[in-house]
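> Structure incoming, see below.
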């Protein structure tokens, strides 16, 4: 394989690496221009701004993330599970009609145990990058969680993603803190309130009732509104973790994402006696892009 | 007891009745001035607008609803469960320092089975009014649901409210339809989509995952965004009903509220083999105000 411009282009941010198989990463840069803002202008903005800034005007490019959705550059569909590095490398979408080649990694889709569909776009590259970073991770079964706006829980078997379920946890928290009767701008760093939220979440059922208990605590004088952000985090993450473990118990989970958020997930998992190891999300994206770039061969 | 001005003054609306023990209701009127808008100006607005419009400038007044919260007229706390008509009649808050007497019915508070607190304000009057409307309802155990922004499920035993749990179902639906990735302005009247939402809700666990399936259905082309409002209703109401019945099974539920919303709850309950009977919310409020007015005696 040759040199390439590798990018994780998500909803709110673009992260780019100029990569050389011998020298490794020779330039890394973040651009605060997510697909939610740039939309279908993505191809032009990529040519006008990202390529020059990365000194990569003639390199083939490999992209992952929301850029592949119809609301962005488009063209990258969803690959069905199970899926490995080589499956995705064989399913890249070529999206450049002129200039140097641009290819986008497809998202993943699966059927959940209840028969309904699920989708991810961007996290598949992180998961496969995490797998590629250590050969031992491709042996046997693994449980992975990528916390975030839409948290993903994936099951891996022998180096393939076999299925996953998405929880709207981060978005629900944001909606509730900005627009609901529970709204509060206080920081969500109150460990005691978070633990009380975990307790209120119980076994994960009756989430809409556990959420209202946030309001009731304040109404009867047992808490103040400033505790709402951490308490609601505890309720939402606690309900998510309880539901995941009820469906398929496990003793260890690998977390990929922001350390501050992974810490809360680790705390919720520990309540169930489950150990958690935290891994960096950007490292995983880069490793996944490199692995898929390598498996795909040079763009024609 | 004598004549009185009876009012259900909620978050978005004020409903008033001029009541005479012999002649019954001699005037009924709605005022589009909820506590969410009028706030602490409630006393002045009541004297300036409601009393004259109801030809009730010298009558004692009995009020229920959010008017009793600190963000409204204030002064009416929460009565602990269990609570009957006579308990609430004995716990009225006298809030007028001058002019004819004004008394406000307290809300209710209880401990949920998990130990956390819950509160209601306004629904207690509907529940006790529904009880007072038929003596048979005070015999034995009953399960009542008052669907709405914050749906209430109450247990009644021998004419007393023994406990209740609030689900943020209506508010979550509104947040999701207005501000989230699932947002849609389509009408929520699609029965097939509602039923698919009930199916996705399953046993009520993993609500944040069932909600995301709304998005995944659209992403993979199995549904369009216009089905989101009814599908999300199905997910939220389905999860609520499943959680309630898992905690305490029952074969019949009485629903008090808007017929259009009660219809969805009836549909969700029928899936579990539970029968539902629907009762009018305004009738229940009036009956509760009359019953508590009668039990309290004339204001001193």
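Protein chains in written order, with this note's numbering: chain B, 1 to 300; chain V, 301 to 600. From the three backbone atoms N, C-alpha and C, an ideal C-beta is built for every residue, glycine too.
Evaluate the contact criterion for the stretch 514-526 of chain V versus the stretch 174-193 of chain B: three or more CB pairs, one atom per stretch, below 8 angstroms.
In short, these stretches do not touch, since the Cβ pair count stays below three.
> Whole angstroms is fine: what's the gap from residue 113(B)'s alpha carbon to residue 500(V)'s?
What you label residue 113(B) is simply residue 113 of the first chain in a count that begins at 1. What you label residue 500(V) is simply residue 200 of the second chain in a count that begins at 1. Roughly 11 angstroms separates the two Cα atoms.
> Going by beta carbon distance, what residues of the same chain come within less than 6 angstroms of residue 377(V), once the five residues before and after it are set aside?
Start at 1 with the first residue of the second chain, and residue 377(V) comes out as number 77. Excluding sequence neighbours, residue 377(V) sits near 406.
> Taking its Cβ as the centre, do 16 or more other Cβ atoms sit within 10 Å of residue 588(V), making it buried, or is it exposed?
The count along the second chain starts at 1 and reaches residue 588(V) at position 288. The residue in question, residue 588(V), is buried, as its Cβ has 16 or more Cβ neighbours within 10 Å.
> Which residues in the same chain as residue 295(B) place their Cβ atom closer than 7 angstroms to its Cβ, once the five residues preceding and following it in sequence are excluded?
Position 295 of the first chain, counted from the first residue, corresponds to residue 295(B). Hits under 7 angstroms: 85, 86 and 89.
> For residue 288(B), does the three-state DSSP call read helix, strand or coil?
Locating residue 288(B) in the first chain gives position 288, counting from the first residue. Note: residue 288(B) maps to helix in three-state DSSP.
> Taking only the alpha-carbon atoms, compute the straight-line gap between residue 284(B) and residue 128(B) and give it to the nearest angstrom.
Translated into the one-based positions of the first chain, residue 284(B) becomes position 284. Translated into the one-based positions of the first chain, residue 128(B) becomes position 128. Answer to the nearest angstrom: the Cα atoms are 8 angstroms apart.
> Does DSSP put residue 53(B) in a helix, a strand or coil?
Position 53 of the first chain, counted from the first residue, corresponds to residue 53(B). The answer is helix: DSSP assigns residue 53(B) an H, G or I state.
> Taking its Cβ as the centre, do 16 or more other Cβ atoms sit within 10 Å of residue 214(B), making it buried, or is it exposed?
Position 214 of the first chain, counted from the start, is the residue given in the question as residue 214(B). Under this definition residue 214(B) is a buried residue.
> Using C-beta distances below 8 angstroms, list every residue in its chain close to residue 533(V), excluding the 5 sequence neighbours before and after it, in chain order.
Residue 533(V) sits at position 233 when you count from the first residue of the second chain. Closer than 8 angstroms at Cβ, skipping near neighbours: 473, 488, 494, 497 and 564.
> Tell me, which residues are paired with residue 79(B) by DSSP?
For the purposes of this step, residue 79(B) is identified with residue 79 of the first chain, where counting begins at 1. In the DSSP output, where bridge partners are listed per residue, residue 79(B) has 108(B).
> CB residue 257(B) to CB residue 148(B), shorter than 8 angstroms?
What you label residue 257(B) is simply residue 257 of the first chain in a count that begins at 1. What you label residue 148(B) is simply residue 148 of the first chain in a count that begins at 1. Yes. Within cutoff.
> Would you say residue 468(V) faces chain B, with C-beta separation under 8 angstroms as the test?
Position 168 of the second chain holds residue 468(V). Taking Cβ atoms only, chain B reaches closer than 8 angstroms to residue 468(V), which makes this a yes.
> Since residue 479(V) meets chain B, which of its residues come closer than 7 angstroms, beta carbon to beta carbon?
Mapped onto the second chain, residue 479(V) falls at position 179. Result: 175 and 179.
> Looking at the strands, I want to know which residues DSSP matches up with residue 463(V).
To locate residue 463(V), count along the second chain from 1; it is residue 163. Per DSSP, 455(V).
> Which of helix, strand or coil does DSSP assign to residue 315(V)?
In the second chain, residue 315(V) corresponds to position 15, counting from 1. In this structure, residue 315(V) counts as strand in the three-state DSSP scheme.
> Does chain B have any CB closer than 8 angstroms to the CB of residue 599(V)?
Walking along the second chain from the start, residue 599(V) turns up at place 299. Any answer about residue 599(V) is weak, because its pLDDT of 47 lies below 50 and its placement is not dependable; what the coordinates show is given next. No, because no Cβ of chain B sits closer than 8 angstroms to the Cβ of residue 599(V).
> Use the C-beta contact count for residue 26(B): other C-beta atoms within 10 angstroms, 16 or more gives buried, fewer gives exposed.
In the first chain, residue 26(B) corresponds to position 26, counting from 1. Exposed, since its Cβ has fewer than 16 Cβ neighbours within 10 Å.
> Indicate the three-state DSSP secondary structure (helix, strand or coil) for residue 300(B) in the structure shown.
Residue numbering aside, residue 300(B) sits at position 300 when the first chain is read from its first letter. Its pLDDT being 41, under 50, residue 300(B) is placed unreliably by the model, and the measurement read from it follows with that caveat. Residue 300(B) falls in the coil class under three-state DSSP.
> Keeping to the same chain, check which residues put their C-beta closer than 6 angstroms to that of residue 169(B); ignore five residues upstream and five downstream.
Indexing the first chain from 1 puts residue 169(B) at position 169. For residue 169(B), where only same-chain residues beyond five positions count, the Cβ hits under 6 angstroms are 151, 236 and 240.
> Does residue 265(B) get closer than 8 angstroms to chain V when you measure Cβ to Cβ?
Here residue 265(B) refers to the residue found at position 265 when the first chain is read from its first residue. It does not: the Cβ of residue 265(B) has no partner Cβ on chain V nearer than 8 angstroms.
> Of all Cβ atoms in chain V, is any one closer than 8 angstroms to the Cβ of residue 245(B)?
The residue you call residue 245(B) lines up with position 245 of the first chain. Judged by the 8 angstroms Cβ criterion, residue 245(B) is not in contact with chain V.
> Can you tell me whether residue 238(B) is buried or exposed, with buried defined as 16 or more other CB within 10 angstroms of its CB?
The sequence position of residue 238(B) within the first chain is 238, counting from 1. It counts as buried.
> Taking residue 146(B) as part of the beta strand (DSSP E), name the residues at either end of that continuous run.
For the purposes of this step, residue 146(B) is taken as residue 146 along the first chain, with counting starting at 1. Taken as a continuous stretch (DSSP letters only), the beta strand (DSSP E) holding residue 146(B) covers 141-146.
> Taking only beta carbons into account, state which residues of the stretch 397-421 of chain V come closer than 9 angstroms to chain B, listed in chain order.
Listed by position along the chain: 407, 409, 412, 414, 415, 416, 417, 418, 419 and 421.
> When Cβ atoms are compared, which residues of the stretch 502-516 of chain V fall closer than 7 angstroms to chain B?
Within the stretch 502-516 of chain V, the residues whose Cβ lies closer than 7 angstroms to some Cβ of chain B are 502, 504, 505, 506, 507, 508, 509, 511, 512, 513 and 516, listed in chain order.
> Does the beta carbon of residue 594(V) sit closer than 8 angstroms to a beta carbon anywhere in chain B?
Translated into the one-based positions of the second chain, residue 594(V) becomes position 294. Chain B contact via Cβ: absent.
> Suppose the cutoff is 6 angstroms on Cβ atoms and the five residues either side in sequence are ignored; what does the same chain contact list for residue 272(B) look like?
Taking the first chain and counting its residues from 1, the one referred to as residue 272(B) is at position 272. Here the set comprises 245.
> Would you please verify whether the beta carbon of residue 261(B) is less than 8 angstroms from any beta carbon of chain V?
Residue mapping note: residue 261(B) aligns to position 261 of the first chain, counting from 1. With 8 angstroms as the cut-off, residue 261(B) does not count as an interface residue toward chain V.
> What distance in whole Å lies between the Cβ atoms of residue 375(V) and residue 347(V), which are believed to be in contact at a cut-off of 8 angstroms?
Taking the first residue of the second chain as 1, we reach residue 347(V) at position 47. Taking the first residue of the second chain as 1, we reach residue 375(V) at position 75. With a Cβ gap of about 16 angstroms, residue 347(V) and residue 375(V) do not count as contacting.
> Alpha carbon to alpha carbon, what distance is there between residue 109(B) and residue 120(B)?
On the first chain, residue 120(B) is found 120 positions in, with the first residue counted as 1. On the first chain, residue 109(B) is found 109 positions in, with the first residue counted as 1. Their Cα atoms are separated by approximately 7 angstroms.
> Is it the case that the Cβ atoms of residue 309(V) and residue 367(V) are separated by a distance below 8 angstroms?
Here residue 309(V) refers to the residue found at position 9 when the second chain is read from its first residue. Here residue 367(V) refers to the residue found at position 67 when the second chain is read from its first residue. Against a cut-off of 8 angstroms, the Cβ pair of residue 367(V) and residue 309(V) comes out as a contact.
> Taking the straight line between their C-alpha atoms, what separation do you get for residue 262(B) and residue 254(B)?
For this step, residue 262(B) is matched to residue 262 along the first chain. For this step, residue 254(B) is matched to residue 254 along the first chain. Looking at the two C-alpha atoms, the distance is approximately 10 angstroms.
> Among the residues of its own chain, which have a CB less than 7 angstroms from the CB of residue 422(V), if the five just before and after it don't count?
Your numbering for residue 422(V) matches position 122 in the second chain. Taken in chain order, the residues that qualify are 308, 310, 364, 365 and 366.
> Below 6 angstroms CB to CB, which residues in the same chain sit around residue 599(V) once its five sequence neighbours on both sides are set aside?
By 1-based counting over the second chain, the position of residue 599(V) is 299. With a pLDDT of only 47 at residue 599(V), under the threshold of 50, the placement of this residue in the model should not be trusted, and no figure is reported.
> Say whether chain B places a C-beta atom closer than 8 angstroms to the C-beta of residue 540(V).
In the second chain, residue 540(V) corresponds to position 240, counting from 1. For residue 540(V), the answer is yes, since a Cβ of chain B falls inside 8 angstroms of its Cβ.
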